[in-house]
């Protein structure tokens, strides 16, 4: 049963923060402005002042709308979904399916859709690359992988960090973040890598998710050490492991930090404009990098 505000039975986390009254395992520093019960991001519903809990909203607590008009929202303003990991599951499934196609069809398929600036590709018997007008490679390369270890590491990272982030942002915002980060990584790789160096993998988008997760955890006053340690390990691997496109990791991380900050810090009154405007900004910068590199190669 729900506990009364200020009840001594309210669960306390290791950090001293109370647990959400509906999800006791989730520590939170936010309380309902009406009943003062602690509420986690999943239970926060925007009110005229601050946030209210679902129970107060259903009771018509004066949020400025009729009770039936109030829908639970994520901390970023997204709609609460019945399956908060649906997009993450789809992305993992898509990556795995395309890897199966790669292993079945062979290098000819991979060479047609990986990221390469401008080079003669023997398997295709022609000059290929983004500079040849094959801009689709900036996107398709985000869903291809070079080995079992490569895809296993990326999909484990995507599953571990993507699900909670999707639940916090909502599906549409999560997709926008993923694509913006991935494109930023692809564009920086195209700009800085050798024109005949092929690149592929979901790492750019996943580094963007790492960046956005760090922003979200700071916003919610969570312990950031686990994600920072994991990010540091990945950056060290990027710096010292051979044959890794560090440009994709850096570009994706920067893109994720920009979009992630806008997602969780946007003012409520102009939330959509700020959030999707940040995605558009990252996209514009990516397009500029692509145009500059294409001009250099042609």
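Numbering (our numbering), first residue to last: 1 to 298.
We treat Cβ as the ideally placed atom computed from N, Cα and C, and that holds for glycine.
Counting C-beta atoms within 10 angstroms of its own C-beta, residue 296 has fewer than 16 neighbours from the protein chains shown and is therefore classed as exposed.
A distance below 6 angstroms between beta-carbons, with the five flanking residues on each side excluded, links residue 79 to the following residues of its chain, in chain order: 170.
A straight line joining the alpha-carbon of residue 211 with that of residue 255 spans about 8 angstroms. It is roughly 18 angstroms from the alpha-carbon of residue 259 to the alpha-carbon of residue 247.
Under the three-state reduction of DSSP, residue 197 is assigned to coil, being neither helix nor strand. Residue pairing by DSSP leaves residue 88 without any beta bridge partner. For the set 115, 150, 74, 132, the Cα lying nearest the Cα of residue 294 is the one of 132. Annotation: the continuous alpha helix (DSSP H) that includes residue 113 extends over 107 to 113. Contact between residue 50 and residue 33 holds, since their C-beta atoms are separated by about 4 angstroms, short of 8 angstroms.
Beta-bridge partners assigned by DSSP to residue 52: 45. Contact annotation, residue 179 with residue 263: C-beta distance approximately 13 angstroms; criterion of less than 8 angstroms not satisfied. Taking a cut-off of 8 angstroms for Cβ pairs, the stretch 191 to 200 and the stretch 107 to 122 touch, as three or more such pairs fall below it. Ranked by Cα distance from residue 31, the options 24, 20, 243 are led by 20.
A check of alpha carbon separations from residue 243 across 156, 257, 193 identifies 193 as the nearest. Pairing residue 173 with residue 76 gives a Cβ-Cβ distance under 8 angstroms. Taking the Cα of residue 183 as reference, the smallest distance to any Cα among 106, 277, 103, 282 is reached at 282.
In this structure the stretch 202 to 220 lies against the stretch 158 to 169, because at least three pairs of beta carbons, one per stretch, are closer than 8 angstroms. Residue 250 has its alpha-carbon roughly 24 angstroms from the corresponding atom of residue 99. With fewer than 16 other Cβ atoms inside 10 Å of its own Cβ, residue 298 counts as exposed. Cβ atoms of residue 40 and residue 54 stay farther apart than 8 angstroms, at about 11 angstroms. Take residue 231, set aside five residues on each side of it, and the residues of its chain with a beta-carbon closer than 6 angstroms to its own are 210, in chain order. Counting the other CB atoms within 10 Å of its CB gives residue 279 a total of 16 or more, which places it among the buried residues.
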